[in-house]
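In the working numbering, the protein residues as written are 60 to 161.
Virtual Cβ for every residue (Gly too), placed ideally from N, Cα, C.
Below is one structure, written out as C-alpha coordinates; comments come after it.
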Amino acid sequence: MRRGCLLEKGEKLIILLYSFVQWGSHRLGYESIDELPTKHEFDYIEFEFIAKTYFPEFENDISLVLENLKIKDDSSEIYKCFILETDKLKNKISLKLNELSK
(Lines of atoms letter the chains of each structure in order from A and count residues from 1; the text may use other names and numbers.)
(Lines give C-alpha, C1' and ligand atoms only; values in the text may rest on other atoms or scores of the structure.)
Protein backbone atom coordinates (compact mmCIF):
# COMPACT_ATOMS: atom_id res chain seq x y z
CA MET A 1 0.00 0.00 0.00
CA ARG A 2 1.31 3.45 -0.84
CA ARG A 3 2.64 5.43 2.09
CA GLY A 4 0.98 8.62 0.80
CA CYS A 5 -2.42 6.92 0.73
CA LEU A 6 -1.98 5.67 4.31
CA LEU A 7 -0.99 9.16 5.45
CA GLU A 8 -4.04 10.67 3.75
CA LYS A 9 -6.44 8.11 5.22
CA GLY A 10 -4.83 8.43 8.64
CA GLU A 11 -5.27 12.20 8.57
CA LYS A 12 -8.95 11.72 7.70
CA LEU A 13 -9.32 9.37 10.68
CA ILE A 14 -7.69 11.91 12.99
CA ILE A 15 -10.21 14.54 11.85
CA LEU A 16 -13.13 12.16 12.43
CA LEU A 17 -11.79 11.11 15.85
CA TYR A 18 -11.31 14.76 16.80
CA SER A 19 -14.95 15.47 15.97
CA PHE A 20 -16.00 12.45 18.07
CA VAL A 21 -14.03 13.79 21.07
CA GLN A 22 -15.54 17.26 20.56
CA TRP A 23 -19.01 15.74 20.55
CA GLY A 24 -18.34 13.71 23.71
CA SER A 25 -16.89 16.74 25.50
CA HIS A 26 -19.89 18.82 24.51
CA ARG A 27 -22.21 16.12 25.89
CA LEU A 28 -20.33 16.38 29.20
CA GLY A 29 -21.06 20.11 29.27
CA TYR A 30 -17.71 21.48 28.12
CA GLU A 31 -17.79 24.36 25.70
CA SER A 32 -15.85 23.88 22.53
CA ILE A 33 -13.56 26.37 20.85
CA ASP A 34 -14.24 24.80 17.48
CA GLU A 35 -17.57 24.41 15.80
CA LEU A 36 -19.25 21.09 16.53
CA PRO A 37 -20.69 18.90 13.81
CA THR A 38 -24.34 19.75 13.27
CA LYS A 39 -25.55 16.18 13.74
CA HIS A 40 -24.59 13.09 15.73
CA GLU A 41 -24.34 10.90 12.65
CA PHE A 42 -20.67 11.95 12.23
CA ASP A 43 -19.63 9.73 9.40
CA TYR A 44 -18.94 6.65 11.49
CA ILE A 45 -19.58 4.43 8.48
CA GLU A 46 -16.72 6.19 6.70
CA PHE A 47 -14.67 6.00 9.90
CA GLU A 48 -15.25 2.26 10.19
CA PHE A 49 -14.41 1.64 6.53
CA ILE A 50 -11.18 3.66 6.55
CA ALA A 51 -10.07 2.37 9.94
CA LYS A 52 -10.65 -1.32 9.23
CA THR A 53 -9.33 -1.16 5.67
CA TYR A 54 -6.17 0.86 6.22
CA PHE A 55 -5.39 0.30 9.92
CA PRO A 56 -6.46 -3.28 10.72
CA GLU A 57 -3.85 -3.49 13.48
CA PHE A 58 -6.09 -1.23 15.58
CA GLU A 59 -9.23 -3.34 15.13
CA ASN A 60 -9.94 -3.75 18.87
CA ASP A 61 -9.60 0.00 19.50
CA ILE A 62 -11.77 0.76 16.48
CA SER A 63 -14.48 -1.59 17.74
CA LEU A 64 -14.50 0.09 21.17
CA VAL A 65 -14.91 3.54 19.62
CA LEU A 66 -17.72 2.33 17.35
CA GLU A 67 -19.53 0.61 20.23
CA ASN A 68 -19.33 3.78 22.30
CA LEU A 69 -20.63 5.92 19.42
CA LYS A 70 -23.79 3.83 19.23
CA ILE A 71 -24.58 3.81 22.97
CA LYS A 72 -27.83 5.58 23.76
CA ASP A 73 -27.18 6.00 27.51
CA ASP A 74 -26.69 9.59 28.62
CA SER A 75 -24.45 8.96 31.64
CA SER A 76 -21.34 11.09 32.04
CA GLU A 77 -19.30 7.93 32.75
CA ILE A 78 -20.19 6.62 29.29
CA TYR A 79 -19.00 9.86 27.66
CA LYS A 80 -15.79 9.91 29.73
CA CYS A 81 -15.04 6.34 28.67
CA PHE A 82 -15.88 7.22 25.07
CA ILE A 83 -13.52 10.21 25.08
CA LEU A 84 -10.74 8.14 26.65
CA GLU A 85 -11.04 5.32 24.10
CA THR A 86 -11.30 7.74 21.19
CA ASP A 87 -8.29 9.71 22.37
CA LYS A 88 -6.22 6.52 22.79
CA LEU A 89 -7.00 5.48 19.22
CA LYS A 90 -6.22 8.98 17.93
CA ASN A 91 -2.81 8.83 19.64
CA LYS A 92 -2.03 5.38 18.20
CA ILE A 93 -2.91 6.53 14.69
CA SER A 94 -0.85 9.71 15.16
CA LEU A 95 2.18 7.64 16.17
CA LYS A 96 1.70 5.41 13.13
CA LEU A 97 1.48 8.48 10.86
CA ASN A 98 4.64 9.92 12.41
CA GLU A 99 6.47 6.66 11.66
CA LEU A 100 5.20 6.68 8.08
CA SER A 101 6.21 10.28 7.47
CA LYS A 102 9.87 9.69 8.40
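Is there a C-beta anywhere in chain D that falls below 8 angstroms from the one on L72?
In summary, chain D is missing from the structure at hand, where a single protein chain is found.
With a threshold of 16 other CB atoms inside 10 Å of the CB of I74, please say whether the residue is buried or exposed.
Reading the sequence shown from its first residue, position 15 is the one you call residue 74. Residue environment: I74 is assigned as exposed (fewer than 16 neighbouring CB atoms within 10 Å of its CB, all protein chains considered).
Out of K68, R61 and R62, which one is the CA nearest neighbour of K111?
Residue numbering aside, residue 111 sits at position 52 when the sequence shown is read from its first letter. Of the candidates K68, R61 and R62, the one whose C-alpha sits nearest the C-alpha of K111 is K68.
Ordered along the chain, which non-local residues of its own chain (more than five positions away) have a Cβ less than 8 angstroms from that of C140?
Locating residue 140 in the sequence shown gives position 81, counting from the first residue. Within the same chain, C140 has close Cβ partners N127.
Among the residues of its own chain, which have a CB less than 7 angstroms from the CB of K147, if the five just before and after it don't count?
By one-based count along the sequence shown, residue 147 stands at place 88. Around K147, the same chain offers D120 as residues with beta carbons nearer than 7 angstroms, after the five sequence neighbours per side are excluded.
So, using beta-carbon positions, are E105 and V124 closer together than 8 angstroms?
Your numbering for residue 105 matches position 46 in the sequence shown. Your numbering for residue 124 matches position 65 in the sequence shown. The answer is no: Cβ separation not under 8 angstroms.
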